[in-house]
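First the structure, in the form of structure tokens, and then the observations on it.
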Amino acid sequence: MNQQTRISDKSLARLIADADKVLERNTPVADEEWWQDFRAAMLELQERRREELK
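And the structure:
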């Protein structure tokens with residue numbers, strides 16, 4: 092299971108939006124630091140893809 096699958100741009104945008112929703116909830120169930128890190132990683136990936144297209 093070492094095969095990598097590329098996340099589509101649409102899925103990437105959806106993952107970022109989902110992370111935003113979780114962080115907005117402000118519940119103890121959500122590990123806020125994990126979700127902030129996840130969101131930051133997805134944003135970084137999105138930005139790198141944009142740079143590749145230039």
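Numbered according to the working numbering, the sequence shown spans residues 92 to 145.
C-beta: ideal position from N, C-alpha, C; glycine also.
If you measure between the beta carbons of I98 and L134, is that distance less than 9 Å?
no
If you run the structure through DSSP and keep just helix, strand and coil, what is R105? Here R105 sits in helix by DSSP.
| Among residues of its own chain, excluding the 5 on either side of L103, which ones have a beta-carbon nearer than 7 Å to its beta-carbon? | M133, L136, Q137
request  = In angstroms with no decimal places, state the Cα-to-Cα distance between N93 and L114.
outcome  = 30 Å
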